[in-house]
Amino acid sequence: PKRIVVKIGTSSLVLKNRKLNLRAIARLAFVLTDLCNRGIQVVLVSSGAMGVGIGMLHLKDRPSEIPQQQAVSAIGQSQLIGIYTKEFAEYQQIVAQVLLTRDVMLFPESKRNVVNAFKAMMGQHIIPIVNENDSVSVDELDHQTSFSDNDELSAIVTEIIDADLLIVLSDIDGFYTGNPYKDPDAVLIPEVHAIDADILAYAGGSSTQFGTGGMTTKLNAARRILEHHRQMILANGRDPEIIFDILDGKEIGTLFT
Ligand code: ADP
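Residue numbers (my numbering): 59 to 315.
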């Protein structure tokens, strides 16, 4: 592929004890810089702002009030981007923070501006690091999904920058016939061609503490990807070097194609 989007979930970035998974961030910086050096244009969509903020402030859980959630997320985002900047700098790789609201996509002019900004960055071998602008995007009707449902955001980014492939890194090896944390008989599905009722029935929510969407939002992202005739791979982000194997064409995770 010439251009890829990599989405990394909170579950891969924040450890169970709420500390940052520095190893994953450091490896991600190494892998993505290497791809960039080899001429592949890369955009990173990173969740984790809320999880990092919760850890920094030593909170037990995410706050229940929306303004407090926004504050925690804003704190976590600046910390997270600081660490990314430092890790990528290890390899002389420049990154840029892009905070998007979903309504940007609804207006042709703002969408065009966003696309042009992405192009300008990628043209200069800069890796954009994207997150939803949590402190602006509050969908009052549905707060559950307005926060950090970066799965769908990553599919939108894939579409607007015309990338060939979206790699979604999570804490699980792929898409199973049920939630493997609850159903020991669940088996991995290597390839999915359509998001039909059978597939939707397999998807459950997140069973990790800070994970957000679970499989439902990942399938929404996959649906969008398939509609636009692109590919998505869901794989385990435990070791981000898995991205090399994916691009080498090894059979890893679940391929939506
Ligand atoms: P992330 O933070 O990486 O976005 P989530 O925690 O939101 O990850 O989603 C991944 C989780 O989805 C898995 O750890 C698992 O508990 C849950 N899950 C539910 N249904 C399935 C399924 N059919 N296949 C795989 N995982 C599933």
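Note that CB positions come from ideal geometry on N, CA and C, so glycine has one too.
Quick caveat, the model's predicted, so the values are computed rather than measured.
With hydrogens ignored, establish whether the beta-carbon of residue i is closer than 8 Å to any heavy atom of the ligand FAD.
i, result
"Phe233", "Of the ligands one can find in the structure shown, namely the ligand ADP, none is the ligand FAD."
Would you please state the rounded distance, in angstroms, between the beta carbons of residue i and residue j? I believe it to be under 8 Å.
i, j, result
"Glu217", "Arg282", "7 Å"
"Val215", "Val63", "5 Å"
"Pro186", "Ala154", "5 Å"
"Tyr239", "Ile247", "At roughly 16 Å, the Cβ-Cβ gap does not stay under 8 Å, so Tyr239 and Ile247 are not in contact."
"Val100", "Leu90", "5 Å"
"Ala293", "Phe314", "About 12 Å separates the two Cβ atoms, so there is no contact after all."
Alpha carbon to alpha carbon, how far is residue j from residue i? Give it in angstroms, no decimals.
i, j, result
"Arg160", "Phe176", "16 Å"
"Ile225", "Cys94", "15 Å"
"Val188", "Val156", "5 Å"
"Met179", "Pro298", "23 Å"
"Leu78", "Ile152", "21 Å"
"Thr143", "Gly232", "29 Å"
"Gly106", "Ile184", "21 Å"
"Lys118", "Gly97", "43 Å"
"Ile304", "Pro125", "39 Å"
Note down, in chain order, each residue of its chain lying with its Cβ closer than 7 Å to the Cβ of residue i, except the 5 sequence neighbours on either side.
i, result
"Thr275", "Asp207, Asp209 and Glu210"
"Arg88", "The sequence shown places Phe at residue 88, rather than the Arg named in the question. Tyr149."
"Met273", "Phe233, Ala261 and Gly262"
"Ala244", "Tyr234, Thr235, Gly236, Asn237 and Pro238"
Mind checking who residue i pairs with in its DSSP beta bridge?
i, result
"Gln155", "Ile187"
"Glu249", "Leu313"
"Ile66", "Ser104 and Leu227"
"Leu117", "According to DSSP, Leu117 bridges with nothing at all."
"Met290", "Leu224 and Phe314"
"Val72", "Leu78"
Kindly list the residues whose CB is nearer than 6 Å to the CB of residue i, restricted to its own chain and excluding five residues on each side of it in sequence; keep chain order.
i, result
"Val110", "Gly134, Gln137 and Leu138"
"Ile219", "Phe176"
"Gln202", "Confidence is the limiting factor: at Gln202 the pLDDT is only 46, short of 50, which leaves the residue's position unreliable and the question unanswerable from this model."
Considering only residues of the same chain and omitting the five flanking positions on each side of residue i, which have a CB-CB separation below 8 Å?
i, result
"Ala252", "Leu284"
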